[in-house]
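S.K.: Okay, here's the structure, questions in a sec.
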């Protein structure tokens with residue numbers, strides 16, 4: 001009897017702990033049941049907020065942020081790092097792409113998101129990370145100036161190849177005071193990305 | 208009545224037991240953050256107290272602590288999901304400190320020291336009292352640091368209360384940055400402790 005009791009006690013304890021584990025699982029399951037739809041909806045909204053400025057005017061219902069197409073270098077997009085391509089779809093039809101690429105800035109890469117729609121027109125550009133000189137090169141940020149908005153609506157049709165330079169270089173784009181390499185790099189990156197998009201159309205597999 | 212007096216003042220987790228200092232110091236850079244964490248902690252502490260109290264007769268010593276851990280972890284997971292669903296911006300700001308409530312020893316301390324020996328209605332009162340006691344300290348420290356550090360009061364209130372029209376009040380153009388940094392948390396808590404000592408004399412006497 002005395003030798004048996006610790007075993008019985010341990011078995012009973014294990015059983016009770018199992019019941020507590022089931023209670024805990026039930027609590028979590030109930031919370032999930034109540035919240036999972038709202039959480040998914042909140043996440044979709046957060047993604048849309050992030051992508052809204054580079055996909056202005058594009059009607060889309062989904063954009064999968066978790067699984068972009070990764071284009072490993074060497075590629076013909078700007079930069080020497082892997083480029084990411086997010087495809088926005090409407091009723092499962094691709095309608096636009098967002099290219100996440102590196103422009104070659106004055107102080108290293110400028111990480112940019114460039115939205116391009118099905119007619120190969122820029123729908124918006126945002127700089128998401130850079131190390132340009134504060135006060136000079138950082139005018140590429142939307143929080144500092146509206147300059148980055150000049151690209152919206154531009155395409156290889158309405159700006160000739162020669163035009164994809166700064167005005168002081170004979171092109172069509174304004175620069176800004178105090179920095180020459182930074183705006184040049186951004187203009188060039190948009191041009192190179194548009195060229196890539198034309199060669200790899202949204203609805204085809206032409207290369 | 209002594210349950211309430213203990214939780215809110217004489218045995219307050221934040222300023223007497225000095226438990227749960229990690230979230231208390233880390234998250235209190237604004238009053239709204241502090242309220243968010245206070246509400247989450249209050250909920251977990253109250254529910255865990257009640258559940259532990261109901262189960263107290265089944266809990267033999269060997270499995271008591273693992274059972275507390277299971278209950279508290281499940282409640283914290285549930286709270287995190289609820290914040291994620293109903294206040295995503297606050298969820299983003301509280302970040303890791305929401306799941307870390309599970310390590311707040313104030314909660315396991317109440318389960319062990321009180322709820323495991325008391326009937327559910329007393330455990331409920333104790334959970335509410337200690338949750339509110341921890342909460343008011345969080346909010347006072349948050350208010351102090353926010354007012355001194357950024358010159359605002361209740362900034363971001365609209366994230367806490369859906370549909371609130373105010374986004375907080377500005378009381379100064381700029382603030383003293385150190386109040387927002389980790390040292391500021393210690394200074395602010397120290398001020399609250401000083402106030403407590405002036406009112407009731409040093410703790411532990």
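Chains as they are written, first to last, in my numbering: chain A, 1 to 207; chain B, 208 to 412.
We put the beta carbon where it would ideally sit given N, CA and C, even for glycine.
These numbers come from a predicted model, not from an experiment.
#1: Run through chain B and tell me which residues come within less than 7 Å of residue 21 of chain A, C-beta to C-beta.
#2: List the residues that DSSP assigns as beta-bridge partners of residue 196 of chain A.
#3: Could you name the residues of chain A that residue 289 of chain B contacts, counting a contact when the two beta carbons are closer than 9 Å?
#4: Check each residue of the stretch 252-284 of chain B: if its Cβ is closer than 7 Å to any Cβ of chain A, include it; give the result in chain order.
#5: Give me the chain B residues within the contact set of residue 28 of chain A, using Cβ-Cβ distance strictly less than 7 Å, ordered along the chain.
#6: So the beta strand (DSSP E) residue 93 of chain A belongs to, where does it begin and stop?
#7: Is there a Cβ from chain A that is less than 8 Å from the Cβ of residue 293 of chain B?
#8: Under 8 Å Cβ-Cβ, which residues of chain D neighbour residue 24 of chain A?
#9: Against chain B, does residue 38 of chain A count as a neighbour if the rule is that its beta carbon must be under 8 Å from one of theirs?
#10: Give the straight-line distance between the Cα atoms of residue 69 of chain A and residue 325 of chain B, rounded to the nearest whole angstrom.
#11: Ordered along the chain, which non-local residues of its own chain (more than five positions away) have a Cβ less than 7 Å from that of residue 120 of chain A?
#12: At a CB-CB cut-off below 8 Å, which residues of chain B make contact with residue 13 of chain A?
#13: Determine, using beta carbons only, whether residue 348 of chain B and residue 405 of chain B come nearer to each other than 8 Å.
#14: Mind listing the chain B neighbours of residue 42 of chain A? Cutoff is C-beta to C-beta under 8 Å, in chain order.
#15: Over the uninterrupted beta strand (DSSP E) stretch that includes residue 161 of chain A, give me the two end residues.
#16: Helix or strand or just coil, what does DSSP make of residue 253 of chain B?
#17: Could you give the DSSP three-state label for residue 357 of chain B: helix, strand or coil?
#18: Taking all protein chains shown into account, do 16 or more other C-beta atoms lie within 10 angstroms of the C-beta of residue 40 of chain A, making it buried, or fewer, making it exposed?
#19: Counting C-beta neighbours from all protein chains within 10 Å, is the total for residue 11 of chain A 16 or more, i.e. buried, or is it exposed?
#20: With a threshold of 8 Å between beta-carbons, can residue 65 of chain A be considered close to chain B, or not?
#21: May I ask you to list the residues that DSSP assigns as paired with residue 155 of chain A?
#22: Less than 8 Å between CB atoms is the rule here; does residue 17 of chain A satisfy it with respect to chain B?
#23: Cβ of residue 361 of chain B within 8 Å of Cβ of residue 376 of chain B?
#24: Taking residue 222 of chain B as the reference, which of B:344, B:388 and B:385 has the closest Cα?
#25: How big is the Cα-Cα spacing for residue 144 of chain A and residue 111 of chain A?
#26: By the 10 Å Cβ neighbour count, where 16 or more other Cβ atoms means buried, how is residue 255 of chain B classified, buried or exposed?
#27: Taking all protein chains shown into account, do 16 or more other C-beta atoms lie within 10 angstroms of the C-beta of residue 248 of chain B, making it buried, or fewer, making it exposed?
#28: Among all the DSSP beta bridges, which residues are the ones paired with residue 173 of chain A?
M.R.: Quick look at the numbers:
#1: Residue 21 of chain A sits at position 21 when you count from the first residue of the first chain. By Cβ distance, chain B contributes 277.
#2: Numbered from 1 along the first chain, position 196 holds the residue referred to as residue 196 of chain A. Note: residue 196 of chain A sits in no beta bridge, so no partner.
#3: Taking the first residue of the second chain as 1, we reach residue 289 of chain B at position 82. The contacting residues are 31, 34 and 35.
#4: 265, 267, 269, 270, 273, 274, 277, 278, 280, 281, 282 and 284
#5: Numbered from 1 along the first chain, position 28 holds the residue referred to as residue 28 of chain A. Within 7 Å Cβ-Cβ: 281, 284 and 285.
#6: Position 93 of the first chain, counting from 1, holds the residue named residue 93 of chain A. Where residue 93 of chain A is concerned, the enclosing beta strand (DSSP E) stretches over 93-105.
#7: By 1-based counting over the second chain, the position of residue 293 of chain B is 86. Yes, contact with chain A.
#8: Although the question refers to chain D, the structure presented lacks it and instead comprises the protein chains A and B.
#9: Working through the first chain from its first residue, we reach residue 38 of chain A at position 38. True, the Cβ-Cβ gap to chain B drops below 8 Å.
#10: For the purposes of this step, residue 69 of chain A is taken as residue 69 along the first chain, with counting starting at 1. For the purposes of this step, residue 325 of chain B is taken as residue 118 along the second chain, with counting starting at 1. Going by the C-alpha atoms only, they are around 58 Å apart.
#11: Residue 120 of chain A sits at position 120 when you count from the first residue of the first chain. Contacts found: 155, 156, 194, 197 and 198.
#12: For this step, residue 13 of chain A is matched to residue 13 along the first chain. Ordered by position in chain B, the residues that pass the 8 Å Cβ test against residue 13 of chain A are 267, 269 and 270.
#13: As a first step, residue 348 of chain B must be located in the second chain, where it is residue number 141. As a first step, residue 405 of chain B must be located in the second chain, where it is residue number 198. No. Outside cutoff.
#14: Translated into positions along the first chain, residue 42 of chain A becomes position 42. The answer, in chain order, is 291, 292 and 295.
#15: In the first chain, the residue the question calls residue 161 of chain A occupies position 161. It is not in any beta strand (DSSP E) - residue 161 of chain A carries neither H nor E in the DSSP assignment.
#16: Translated into positions along the second chain, residue 253 of chain B becomes position 46. Reduced to three states, the DSSP call for residue 253 of chain B is helix.
#17: Stepping through the second chain from its first residue, residue 357 of chain B is reached at position 150. Three-state result, residue 357 of chain B: helix.
#18: Your numbering for residue 40 of chain A matches position 40 in the first chain. That one is exposed.
#19: Looking up residue 11 of chain A in the first chain gives position 11. Classification for residue 11 of chain A: exposed.
#20: Position 65 of the first chain holds residue 65 of chain A. No, because no Cβ of chain B sits closer than 8 Å to the Cβ of residue 65 of chain A.
#21: As a position in the first chain, residue 155 of chain A is number 155, starting the count at 1. The partner list for residue 155 of chain A (beta bridge, DSSP) reads A:121.
#22: Residue 17 of chain A sits at position 17 when you count from the first residue of the first chain. It does: the Cβ of residue 17 of chain A has a partner Cβ on chain B nearer than 8 Å.
#23: Here residue 361 of chain B corresponds to residue number 154 of the second chain, with the count starting at 1. Here residue 376 of chain B corresponds to residue number 169 of the second chain, with the count starting at 1. Going by C-beta atoms, residue 361 of chain B is nearer than 8 Å to residue 376 of chain B.
#24: To locate residue 222 of chain B, count along the second chain from 1; it is residue 15. Looking at the Cα atoms, B:344 is the closest of the given residues.
#25: Mapped onto the first chain, residue 144 of chain A falls at position 144. Mapped onto the first chain, residue 111 of chain A falls at position 111. One C-alpha to the other measures close to 16 Å.
#26: Here residue 255 of chain B refers to the residue found at position 48 of the second chain. It counts as buried.
#27: Sequence index remark: in the second chain, residue 248 of chain B carries index 41 (1-based). Under this definition residue 248 of chain B is a buried residue.
#28: For the purposes of this step, residue 173 of chain A is taken as the residue at position 173 of the first chain. Partner(s): A:166.
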